[in-house]
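Going by our numbering, the sequence shown runs without a break in its numbering and finishes at 435.
Shown next, in structure tokens, is the structure this report addresses.
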Amino acid sequence: MTARTTGVSEELPEFPFPGTSYRGPDPIFTRLRADRPVVRVRWSGGGHAWLVTRHEDIRAVLDDTRFSRAASYAPDAPKFSGLFQAPPGMIISLDPPDHTRLRVLAEQAFSPARIAGMRPRVRELAGRLLDALEKEPADGPVDLVEGFAAPLAMGVICELLGVPEKDRDQFLTWVRQFADVSGPEELAVEGRENLGAYIAGLVAGKQAQPADDVLSDLITARDGEDRLGFEELVGLGYTLLGGGFDSAAGQISNFVLTLLDRHLDVWARLGEHPEDVPAALEELLRTVNLTGNDTSGLPRIATEDVTIGGTTIPAGDAVFLSFASANRDSAVFADPEAVDFGRADNPHLAFGYGIHHCLGAPLARVELAVALEELTRRFPGARLAVPESELLWRAGDVNHNLVSLPVHLSKNTASESTVSRSTV
């Protein structure tokens with residue numbers, strides 16, 4: 012087949028496309044997957060990039076070392092205004108062999124035993140937060156963002172890093188500053204610098220006096236004579252923050268909204284049958300769109316001319332991968348637009364793929380599953396307190412993050428008259 016080198020398609024809106032939401036990517040992706048799976052798009056702030064939309068092609072890019080993350084930090088690399096770019100040197104910003112070295116060392120701190128040991132602590136944190144919500148006035152709604160999702164995610168990440176409880180509110184403020192790409196750049200820089208200084212202090216303290224936490228495990232990790240340096244440990248602290256707080260908090264809230272708005276029968280059923288939560292969780296991960304621009308948000312640079320999906324991407328061009336689109340690829344998922352909470356085969360890309368597959372994915376699954384188990388078990392009659400259309404979202408965040416999620420918590424079983432077309 013002859014490689015295509017198509018130019019900008021004038022019928023496409025500027026990217027990121029305007030139709031994205033937590034419910035899924037812009038509907039234009041369905042047409043792109045069918046007709047133009049690798050397409051050159053105009054970035055809304057100026058410049059161009061290539062957008063890859065099919066499951067198979069995205070996996071091919073992630074397996075191909077000619078697509079470089081590290082090259083996106085070069086002075087002459089394409090730049091995209093309004094895009095959150097992880098600091099250089101972080102594990103998600105590196106290529107092999109640098110990435111391989113860090114990954115080998117970091118994985119020692121995320122052993123199956125460590126993750127399994129976190130489940131009781133996550134459940135304890137969730138229970139404590141829900142106990143507090145139950146004490147609020149019975150006639151009013153509670154905010155599951157500020158009252159549950161955010162503090163649970165923050166609590167878990169602070170347990171991992173060993174952040175004292177007295178520092179967690181300030182820690183949260185800095186994280187919010189760091190992740191906001193719509194506000195003044197100096198505020199984001201201030202948040203990053205404050206976080207960096209704080210994490211550096213944590214690392215120094217754990218080096219002097221290790222404790223029972225992941226940060227201490229990272230400090231003591233060894234591969235022969237090799238170990239993580241001070242700046243590498245600080246960078247991994249940033250990585251844990253990004254995936255362990257912002258993404259987890261966002262998806263807990265988004266999952267609850269999805270179930271309470273459209274699948275109340277599933278909510279009630281999960282409370283009665285927690286054994287169904289793992290399959291339901293995977294379908295939520297597939298269908299609920301976390302990222303605000305439908306991609307991983309991490310550009311890769313072609314280091315030479317590479318043909319993907321029949322289209323040649325020239326050396327030096329930037330490439331974005333739409334995991335949200337891949338998760339609706341009919342070549343991989345039967346009836347991909349349907350939400351099937353009992354879907355048996357579910358190779359979604361919510362946590363990425365290949366060497367950059369999310370390091371914290373096992374812990375994220377534990378955290379998300381415990382959140383759903385505890386909420387559905389304790390409050391089978393929970394209801395949204397306002398219509399979905401009235402909910403507010405954080406403008407400028409990397410992810411689809413709710414400002415608040417008002418919910419009436421009820422122990423009474425949901426009305427049998429509420430019907431969902433989804434299945435468990």
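Ideal Cβ placement from N, Cα and C applies to all residues, glycine included.
Everything numeric in this text was worked out from a predicted model, so none of it was measured.
Quiz item: Does DSSP put residue 417 in a helix, in a strand, or in coil?
Solution: strand
Exercise. Give the DSSP bridge partners of residue 404, in chain order.
Key: 413
Exercise. If I'm right that residue 261 touches residue 411 with Cβ under 8 Å, what's the distance once you round it to whole angstroms?
Key: 6 Å
Quiz prompt | Exposure of residue 408, with buried meaning 16 or more beta-carbon neighbours within 10 Å | solution = buried
Quiz item: Which value, in whole angstroms, describes the spacing of the CA atoms of residue 420 and residue 276?
Solution: 16 Å
Quiz item: Cα separation between residue 422 and residue 33?
Solution: 27 Å
Self-check item: Where residue 203 falls: helix, strand or coil (DSSP)
Solution: helix
Quiz item: Which residues mark the beginning and the end of the alpha helix (DSSP H) in which residue 41 is found?
Solution: 39-46
Quiz item: If you count every other CB in all the chains shown that lies within 10 Å of the CB of residue 212, and 16 or more means buried, which is it?
Solution: exposed
Self-check item: Span separating the alpha-carbon of residue 168 from that of residue 322
Solution: 41 Å
Self-check item: Pairwise C-alpha distance: residue 413 and residue 184
Solution: 16 Å
Self-check item: Sequence-distant residues of the same chain with beta carbon closer than 7 Å to residue 340, five excluded per side
Solution: 44, 65, 66, 347
Quiz item: Between residue 229 and residue 54, what straight-line distance do the alpha-carbon atoms span, to the nearest angstrom?
Solution: 38 Å
Quiz item: Under the rule that 16 or more other beta-carbon atoms within 10 Å means buried, what is residue 393, buried or exposed?
Solution: buried
Practice problem: Could you check what DSSP says for residue 49 in three-state terms: helix, strand or coil? | Solution: strand
Quiz item: Just to confirm, does residue 400 get its C-beta within under 7 Å of one of the non-hydrogen atoms of the ligand GDP?
Solution: Questions concerning the ligand GDP fall outside what the structure shown contains, since it holds no ligand whatsoever.
Exercise. Measuring alpha carbon to alpha carbon, tell me which of 158, 362, 72 ends up nearest residue 310.
Key: 72
Quiz item: Per the contact definition of three or more C-beta pairs closer than 8 Å, is the segment 170-183 in contact with the segment 380-389?
Solution: no
Practice problem: Return the Cβ separation of residue 337 and residue 360 in integer angstroms, given the expectation that the two are a contact with Cβ distance under 8 Å. | Solution: 5 Å
Quiz item: Would residue 313 pass as a contact of residue 77 if the rule is Cβ separation under 8 Å?
Solution: yes
Quiz item: Just the Cα atoms here: how many angstroms apart are residue 127 and residue 327?
Solution: 43 Å
Quiz item: How long is the line joining the alpha carbons of residue 271 and residue 375, rounded to whole angstroms?
Solution: 21 Å
Practice problem: Measure the alpha-carbon distance for residue 335 versus residue 293 and round it to whole angstroms. | Solution: 14 Å
Self-check item: Expected contact under 8 Å - CB spacing of residue 210 and residue 156 to nearest Å
Solution: Actually they do not touch by this definition, with Cβ atoms about 25 Å apart.
Practice problem: Could you please give the first and the last residue of the uninterrupted alpha helix (DSSP H) stretch that includes residue 61? | Solution: First-last for residue 61: 59-63, but that is the beta strand (DSSP E), not the alpha helix (DSSP H).
Quiz prompt | Same chain, Cβ closer than 6 Å to residue 315, five either side skipped, listed in chain order | solution = 77, 326
Quiz item: With 16 as the cutoff for other CB atoms within 10 Å, does residue 217 come out buried or exposed?
Solution: buried
Quiz item: Per DSSP, which one or two residues make a beta bridge with residue 313?
Solution: 78
Exercise. Tell me whether residue 142 is buried or exposed, calling it buried when 16 or more other Cβ atoms sit within 10 Å of its Cβ.
Key: exposed
Quiz item: Going by alpha carbons, who is nearest to residue 331 out of 146, 24, 62?
Solution: 62
Quiz prompt | Cβ-Cβ separation, residue 41 to residue 304 (assumed contact under 8 Å), whole Å | solution = Wrong, their Cβ atoms sit about 17 Å apart, outside the cutoff.
Self-check item: Runs of alpha helix (DSSP H) wholly within the segment 100-166 (minimum 4 residues, chain order)
Solution: 109-117, 123-145
Self-check item: Limits of the alpha helix (DSSP H) - the one that residue 230 falls within
Solution: 225-231
Quiz item: The alpha helix (DSSP H) spanning residue 362 covers which residue range?
Solution: Taken as a continuous stretch (DSSP letters only), residue 362 belongs to no alpha helix (DSSP H), as it is neither H nor E.
Quiz item: Helix, strand or coil for residue 287 per DSSP?
Solution: helix
Quiz item: Is the beta carbon of residue 248 less than 8 Å from the beta carbon of residue 200?
Solution: no
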